[in-house]
Amino acid sequence: MAGRRLVPALLAAVVGPVAVFGSVLVAVPGAGTGPAAWAAQPPAATAEPSPTPTPTPGDPPGAPTNLVATEVRTDSVTISWTPATPGCCPIAEYHLSVLPAFSDVITPYRLGGDATSLTFRAWPTSEFRISLSARDTQGTYSPGATLRVVTPATDTGPDTTPPQAPTDLAARDASGWGAELTWSAATDDVGVTGYQVYWFDGWYTSRLLATVTGTSHRVSLAPGRNLFYVRAVDAAGNVSLATPTISFTGTGPQTPTPSTTPVQRTCHVDYAVSAQWRGGFIAEVTVHNVGAAPVDGWTLAFDLTDGQRVRSAWNARYTQSGATVTARDLRWNRLIPAGGSVSFGIMASWTGGNAPPTGFTLNGGACATG
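Just so you know, we're using my numbering here: the sequence shown kicks off at 379 and counts up by one.
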């Protein structure tokens, strides 16, 4: 009997009754004149179902979306958001922080994983910066979402909508001791009436330098880092969000050329006792520049002739020698524009009497009073 030829895929073949397991037998021509050979073919392939994707362990949640302010009042702000998409694990909680702009006081909130809104306390004409992120049950945080909100001056007036923020804050004619700030005009539903120019120390101290009606203002630069920003204001007292800050490194004012003739500056000083009690009092001092040129750096001297002793001051540095008190500018309030003013306060003690001071001089020049 002639032999039979098997292909490799053949599982089983026998002479006579044929037994094949797991294959389909087909006849193939034999070699030479021998009988036909049987070969096994594999069954047709069937498509495997696609596996359902599963998150990789440790995948972070997606960021919360649609973070918006749904109600803004003078004393509160309500915000809402669309829940974060889970990564590997369910959302456990939301972490939210509220930072009053240009301060270092952050209020944190921890909310449940199903939270979608929050109301926090606020105060009028203030900007708040909000940051929100999700945390899952494995402790992994999502990317953050942010929002800036400014509160109105009133809840009941005819105008509770703040102006849009000024744009394009820049500087020209900058030097080590000063710069001209410029910006593009803001818009408002009623009308912008002015712009507030602020100095900022980069940490938590922010001071209003001037309120102007135009779109430029010259500022002086103290030695070191100086930051400035601008807000628009409308007739109702609403303020806009602040511009991004602009930064300068100052070297201080130019050293004046020595002269045998002291520079006389025209000035007027108002002195008023705002509170008094047995043995002590508080007084406000306002220095007006009534001259034609700005005063860049000031020292005000006066005599307390009734035995008063200054114990503290604000918005100025002070020394006292006998009856003579000398108050000097701080970095942020060194410039008194022509027609402008600067104010500071003192708290002092007294024994026998509390007569007003005499002999005010600004940078060596006598000032008018009354």
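The beta carbon of each residue, even a glycine, is placed where N, CA and C say it ideally should be.
- Distance from Ala563 to Pro544 at the Cβ level is roughly 7 Å; contact confirmed, criterion being Cβ atoms closer than 8 Å.
- Proximity to Gly743 across Asp684, Thr704, Gly731, Leu678 peaks at Leu678, based on C-alpha coordinates.
- Nearest to Ser598 by alpha-carbon distance, out of Asp492, Pro461, Ala557, Ala671, is Ala557.
- For the set Gln698, Ala716, Ile624, the Cα lying nearest the Cα of Asp546 is the one of Ile624.
- DSSP, read as helix, strand or coil, puts Trp710 in helix.
- Counting the other Cβ atoms within 10 Å of the Cβ of Arg488 gives fewer than 16, which makes it exposed.
- Taken in chain order, the complete beta strand (DSSP E) segments of 3 or more residues contained in the segment 511 to 540 are 523 to 528.
- The three-state reading of DSSP puts Ser618 in coil, since its state is none of H, G, I, E or B.
- Counting along the chain, the unbroken beta strand (DSSP E) around Gly723 starts and ends at 719 to 727.
- Counting only residues of its own chain and dropping the five nearest sequence neighbours on each side, Thr497 has a CB closer than 6 Å to the CB of Ser454, Thr456.
- The beta carbon of Thr644 sits closer than 6 Å to those of Val668, Gly669, all from its chain and outside the five residues before and after it, given in chain order.
- Contact check for Pro530 against Ser618 fails: the beta carbons are separated by 7 Å or more.
- The beta-carbon distance between Gly658 and Asn693, rounded to whole angstroms, is 19 Å. This is too long to meet the 8 Å contact definition.
- Looking at the backbone, the Cα of Leu559 and that of Arg513 are separated by about 43 Å.
- Within the same chain, and ignoring the five residues on either side of Trp501 in sequence, the residues whose Cβ sits closer than 8 Å to its Cβ are Thr452, Asp453, Thr529.
- In the three-state reduction of the DSSP assignment, Asn741 falls in the coil class.
- Counted as a single uninterrupted DSSP element, the beta strand (DSSP E) harbouring Phe606 occupies residues 602 to 612.
- In this chain, the beta strand (DSSP E) harbouring Cys645 covers 645 to 655.
- If you ignore the 5 residues before and after Asp567, its C-beta comes within less than 6 Å of the C-beta of Thr539, all in its own chain and listed in chain order.
- About 5 Å separates the beta carbon of Thr518 from that of Pro438, a gap short enough to meet the 8 Å contact definition.
- The beta-carbon separation of Thr729 and Phe738, rounded to 23 Å, does not stay under the 8 Å limit for a contact.
- Nearest to Ser699 by alpha-carbon distance, out of Arg689, Ser481, Leu708, is Arg689.
- Between Tyr573 and Arg609 the beta-carbon gap is near 7 Å, inside 8 Å, which marks them as a contact.
- DSSP, reduced to helix, strand and coil, places Arg687 within a strand of the structure shown.
- Taking 8 Å as the upper bound for CB-CB distance, Val647 and Val663 are in contact here, some 7 Å apart.
- Under DSSP, Ser509 shares a beta bridge with Ser475, Thr524.
- Assigned with DSSP and collapsed to three states, Arg451 falls in coil, not helix or strand.
- The C-beta distance from Ala705 to Ala691 rounds to 7 Å, short enough to meet the 8 Å contact threshold.
- Distance from Pro478 to Ser504 at the Cβ level is roughly 6 Å; contact confirmed, criterion being Cβ atoms closer than 8 Å.
- The beta carbon of Ile714 lies closer than 7 Å to those of Val665, Asn667, Pro672, Val673, Trp676, Val720 in the same chain, with the five residues before and after it left out.
- Judged by beta-carbon spacing, Arg507 lies beyond the 7 Å limit of Trp710, meaning their Cβ atoms are not closer than that value.
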